[in-house]
Ligand code: 13P
């Protein structure tokens, strides 16, 4: 069933668990996410990145996702991740996403404020939920070789100013988290997270969860993270299982050779839902 973004996130925040926000660009990945959430009776967020929604032709993939969400037995919402320019944000708002990320994090602070406020004003006029982003969380949901690059973390006082000036409904923050999987897990700055949580009362979002240690994810939730984005771990599970299926030269029926990949993704999503504490919270 389709649920209100505000209600889902505020409930997670009140009850101290995190919603999983899982990226998709393909039918089997989408089915795997819904199946895992239904099996574990968990509310869930399904999201598309800019590349993923363009690959699926925004209106078409959105219609598919909304229909799946309506038919699901658990509360779901459909979110557009990382809109890095106004045109993209406007397109997603007009297409009917329930929630979008206005990502001006690569811009100088004042420009991030101006961009995010402009998107938030347009989205709010249509009743759409807006996530903002302050601080850098890297780019590219993939396996990266080498050291984790240093990223700019979110400043707690600036976060307060940002939320006040833009009117965002939730905030993606940086405290050492970074998109993708690296050879070594990132070191999270929990003092930074605590300081931000103490100053803000809106839901806080963790990007780049793939590659973060399970115990660190649990600690981040206990300190006030209410939405956790997952992509690379799903992509790796899907691609690895698909490579195995396609090793058979006679495998030509997509819904047959993709079935093990769907199962592999479902397994990952189930583990994440258990880890995030959202199982049984529908
Ligand atoms: P990972 O690819 O590290 O799971 O991060 C996904 C993400 O944050 C999408 O916005």
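Numbering (the working numbering), first residue to last: 3 to 284.
The beta carbon of each residue, even a glycine, is placed where N, CA and C say it ideally should be.
For clarity, every value in this text was computed on a predicted model and none was experimentally measured.
Residue range of the unbroken beta strand (DSSP E) whose run includes residue i
{"i": "residue 83", "result": "78–85"}
{"i": "residue 264", "result": "No beta strand (DSSP E) contains residue 264, which is instead part of the alpha helix (DSSP H) from 261–278."}
{"i": "residue 114", "result": "Segment 111–127 is the alpha helix (DSSP H) holding residue 114; no beta strand (DSSP E) there."}
Identified DSSP bridge partners for residue i
{"i": "residue 49", "result": "25, 81"}
{"i": "residue 136", "result": "175"}
{"i": "residue 208", "result": "175, 230"}
{"i": "residue 145", "result": "183"}
{"i": "residue 57", "result": "Answer by DSSP bridge pairing: none, since residue 57 is not bridged."}
{"i": "residue 131", "result": "101"}
Limits of the alpha helix (DSSP H) - the one that residue i falls within
{"i": "residue 89", "result": "88–97"}
{"i": "residue 104", "result": "Here residue 104 belongs to no alpha helix (DSSP H); instead the beta strand (DSSP E) covers 101–104."}
Same chain, Cβ closer than 7 Å to residue i, neighbours up to 5 away in sequence not counted
{"i": "residue 38", "result": "268, 271, 272, 275"}
Nearest residue (CA-CA) to residue i, options the options
{"i": "residue 282", "options": "133, 17, 166, 212", "result": "17"}
{"i": "residue 82", "options": "64, 75, 193, 70", "result": "64"}
{"i": "residue 153", "options": "99, 35, 191", "result": "191"}
{"i": "residue 48", "options": "57, 78, 59", "result": "78"}
{"i": "residue 231", "options": "34, 106, 165, 50", "result": "50"}
{"i": "residue 67", "options": "102, 4, 277, 252", "result": "4"}
{"i": "residue 109", "options": "136, 103, 127, 94", "result": "136"}
Nonlocal neighbours in the same chain, by C-beta distance under 6 Å from residue i, ignoring five residues either side
{"i": "residue 88", "result": "none"}
{"i": "residue 195", "result": "177, 225"}
{"i": "residue 243", "result": "262, 263, 266"}
Residue i - DSSP class collapsed to helix/strand/coil
{"i": "residue 4", "result": "strand"}
Beta-carbon proximity list for residue i, same chain, < 8 Å, skipping 5 on both sides
{"i": "residue 61", "result": "97"}
{"i": "residue 150", "result": "180, 184, 186, 188"}
{"i": "residue 14", "result": "20, 21, 45, 205, 228, 229, 280, 283"}
{"i": "residue 40", "result": "74, 75, 76"}
{"i": "residue 165", "result": "134, 173, 202, 204"}
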